[in-house]
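Engineer: Input: one structure, supplied below.
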Amino acid sequence: MNCPVCKEPLVVLELEQVEVDYCTSCAGVWLDSGELELILETDEDRNRLVNLFKEATDVNEKSYDCPICGKQMRKYEIGEKGKAVVDKCRKNHGIWFDKGELQKIVEFGSVNKENKIINLLKNMFWKSMPLAENKISLNIDGGNK
Ligand SMILES: [Zn+2]
Ligand SMILES: [Zn+2]
């Protein structure tokens with residue numbers, strides 16, 4: 011699977027049995043359908059976050075194409091206007107988060123601070139810590155997906 015932005019192959023990060031596709035070139039993150047729900051461990055966090063997603067009607071940013079079906083995705087705004095805009099596949103294959111957007115959403119959604127996957131992501135990308143110091147397995151996606 012390739013990055014919808016720069017078309018580079020995405021790297022698969024296995025975090026607590028959830029596969030997160032990450033672009034090393036633009037630092038964007040792709041979550042397959044249902045993975046955001048898996049990352050959010052509690053129903054409380056899930057409901058709160060899902061309610062923050064609103065279809066964006068007047069965003070000028072170009073929508074990317076879904077890395078699975080190749081169809082143009084739809085923009086969703088999260089939080090108050092202009093805070094974070096993500097691309098979601100119309101066929102519900104998943105959601106693309108540009109660099110920093112997943113982090114913003116986690117903050118807006120006030121996700122449980124004990125959340126393991128969020129903490130792994132924080133350590134990996136949001137504190138610019140070297141990857142080798144984290145207990146994660148890094149698999150390069152062979153492009154068969
Ligand atoms: Zn990229
Ligand atoms: Zn799709």
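Numbers given in this note's numbering equal positions in the sequence shown, counted from 1, plus 10. Heads up, the beta-carbon is just placed ideally off N, CA and C, and yes, glycines get one too.
Could you give the DSSP three-state label for Ile105: helix, strand or coil?
Structural biologist: Strand, per DSSP.
Engineer: For a test of the three-state rule: what should DSSP assign to Asn57, helix, strand or coil?
Structural biologist: Of the three classes helix, strand and coil, the one that applies to Asn57 here is helix, per DSSP.
Engineer: Does Glu45 pass the burial test, meaning 16 or more other C-beta atoms within 10 Å, or should it be called exposed?
Structural biologist: Its Cβ being crowded by 16 or more others within 10 Å, Glu45 is buried.
Engineer: Return the residue from the list Gly110, Cys36 and Ile105 that minimises the CA-CA distance to Glu47.
Structural biologist: That would be Ile105, whose Cα lies nearest to the Cα of Glu47.
Engineer: Buried or exposed: which applies to Gly38, given that a residue is buried once 16 or more other Cβ atoms fall within 10 Å of its Cβ?
Structural biologist: By the 10 Å Cβ count, Gly38 comes out buried.
Engineer: Give me the Cβ distance between Lys109 and Ala94, rounded to the nearest whole Å; I'm assuming they're in contact under 8 Å.
Structural biologist: 11 Å between Cβ atoms; not a contact.
Engineer: In angstroms with no decimal places, state the Cα-to-Cα distance between Val96 and Thr34.
Structural biologist: If you take the alpha carbons of Val96 and Thr34, they lie about 18 Å apart.
Engineer: What three-state label does DSSP hand Val116 in the structure shown?
Structural biologist: Helix, per DSSP.
Engineer: To the nearest angstrom, report how far apart Ser73 and Met83 are at their CA atoms.
Structural biologist: Approximately 6 Å, taken between the alpha carbons.
Engineer: So, under 8 Å CB-CB, Phe135 and Gly89 are touching, yes? Tell me the CB distance rounded to an integer number of Å.
Structural biologist: About 20 Å; that fails the 8 Å criterion.
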